[in-house]
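Residues in the sequence shown are numbered from 9 upward in steps of one, following the working numbering. The beta carbon of each residue, even a glycine, is placed where N, CA and C say it ideally should be.
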Amino acid sequence: MLLQVFIAAIAIIGFSKGQDCSQRRDAGQSCNDAGSSRMYYFDTRMSVCQPFVYKGCGGNENHCSQRRDAGQSCNVAGSSRMFYFDTRMSVCQPFVYKGCGGNENRYKTLEECRTACASDKKTGAEIRNGNQWVLAEKCGGQYLIPNGKYTSCSDGCPDNHSCEKGICCPSKEYVCSLRDDSGTFASGIDDKPRFAWSEEIQSCWRFSYYGANGNYNNFPNFQSCIAFCSNKH
Numbered sequence: 009m010l011l012q013v014f015i016a017a018i019a020i021i022g023f024s025k026g027q028d029c030s031q032r033r034d035a036g037q038s039c040n041d042a043g044s045s046r047m048y049y050f051d052t053r054m055s056v057c058q059p060f061v062y063k064g065c066g067g068n069e070n071h072c073s074q075r076r077d078a079g080q081s082c083n084v085a086g087s088s089r090m091f092y093f094d095t096r097m098s099v100c101q102p103f104v105y106k107g108c109g110g111n112e113n114r115y116k117t118l119e120e121c122r123t124a125c126a127s128d129k130k131t132g133a134e135i136r137n138g139n140q141w142v143l144a145e146k147c148g149g150q151y152l153i154p155n156g157k158y159t160s161c162s163d164g165c166p167d168n169h170s171c172e173k174g175i176c177c178p179s180k181e182y183v184c185s186l187r188d189d190s191g192t193f194a195s196g197i198d199d200k201p202r203f204a205w206s207e208e209i210q211s212c213w214r215f216s217y218y219g220a221n222g223n224y225n226n227f228p229n230f231q232s233c234i235a236f237c238s239n240k241h
């Protein structure tokens, strides 16, 4: 498939030293009325096509060698990927900075964020001890249980879930209808290739999972994804 993504340089807004690691995530605000849309680019590191949010203007043709480019908002200040310190999880996380406003909890690179907030960050071992990698075997599937915690039926189950042996299990339709979610960075844990069902292609595709959070539509391999979702109806 020929994937085209339109080209433009991403303007990165400068910021001062001494950023406050306690401030909440803030993506700023769009400086115009340009709409965003879901598109795809070729990830040279993993050699697969990956989804991303295209800002509506510019971009590149992504001939399988250029870097991922989300283009820019249609004004002087464009959007860019930056990092902030998440006080809830005590790790640095990515976000799309829209180019205007915001606060000082904003870093150009993951390394800059970790350096500034290193005293507070959580280690990969601490994330792993939270059993993030629990698969939904109790619900008869191999998909990921977000945050590693099953939901008990004692207080009732949420929408699109049913009670199975005391556990709230999501329906197949619900699991497979969710869009792939790369989750959030967990310090000390490498990105992992995972598989998610895509309604667009009626099959499973590979995507990068950052190691924490995410949603149910997250399988360890293509076979388990296909086995669960191909007969979901």
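By how many angstroms is the C-alpha of T123 removed from the C-alpha of T192? The residue labelled residue 192 in the question sits at position 184 within the sequence shown. The residue labelled residue 123 in the question sits at position 115 within the sequence shown. Approximately 18 Å between the Cα atoms of the pair.
Let me check one thing: in DSSP terms, what residues is F193 bridge-paired to? Residue mapping note: residue 193 aligns to position 185 of the sequence shown, counting from 1. Note: F193 is bridge-paired with G219 in the DSSP secondary-structure output.
Which same chain residues, not among the five before or five after S238, have their C-beta less than 7 Å away from its C-beta? As a first step, residue 238 is located in the sequence shown; it is residue number 230 there, counting from the start. Once the five neighbours on either side are set aside, S238 has no close Cβ partner at all.
Can you give me the C-alpha to C-alpha distance between Q210 and V142, rounded to a whole angstrom? Walking along the sequence shown from the start, residue 210 turns up at place 202. Walking along the sequence shown from the start, residue 142 turns up at place 134. The straight-line gap from Cα to Cα measures roughly 26 Å.
Can you list, in chain order, the residues of its chain whose CB lies under 8 Å from that of P166, leaving out five sequence neighbours each side? Locating residue 166 in the sequence shown gives position 158, counting from the first residue. Correct list, in chain order: T159, C176.
Which residue or residues does DSSP assign as beta-bridge partners of E172? Residue 172 sits at position 164 when you count from the first residue of the sequence shown. DSSP, once it has assigned bridges, lists I175 as partnering E172.
How many Å lie between A19 and G222 at the Cα? Here residue 19 refers to the residue found at position 11 of the sequence shown. Here residue 222 refers to the residue found at position 214 of the sequence shown. Reliability of the predicted coordinates at A19 is poor, the pLDDT of 33 falling under 50, and no value is obtained from them.
If you check the beta carbons only, do Y217 and Y182 fall under 9 Å apart? Numbered from its first residue, the sequence shown carries residue 217 at position 209. Numbered from its first residue, the sequence shown carries residue 182 at position 174. Y217 places its beta carbon 9 Å or farther from that of Y182.
Element boundaries [beta strand (DSSP E), containing R202]: Numbered from its first residue, the sequence shown carries residue 202 at position 194. 200-206 is the extent of the beta strand (DSSP E) around R202.
On a Cα-Cα basis, can you pick out the residue from T117, A235, K180 that is closest to M90? Here the question's residue 90 lines up with position 82 in the sequence shown. For M90, the nearest C-alpha among the options comes from T117.
Opposite Y182 in the DSSP bridges: which residues? Here residue 182 refers to the residue found at position 174 of the sequence shown. Answer is none; Y182 lacks a bridge partner.
Counting C-beta neighbours from all protein chains within 10 Å, is the total for N226 16 or more, i.e. buried, or is it exposed? Residue numbering aside, residue 226 sits at position 218 when the sequence shown is read from its first letter. Under this definition N226 is a buried residue.
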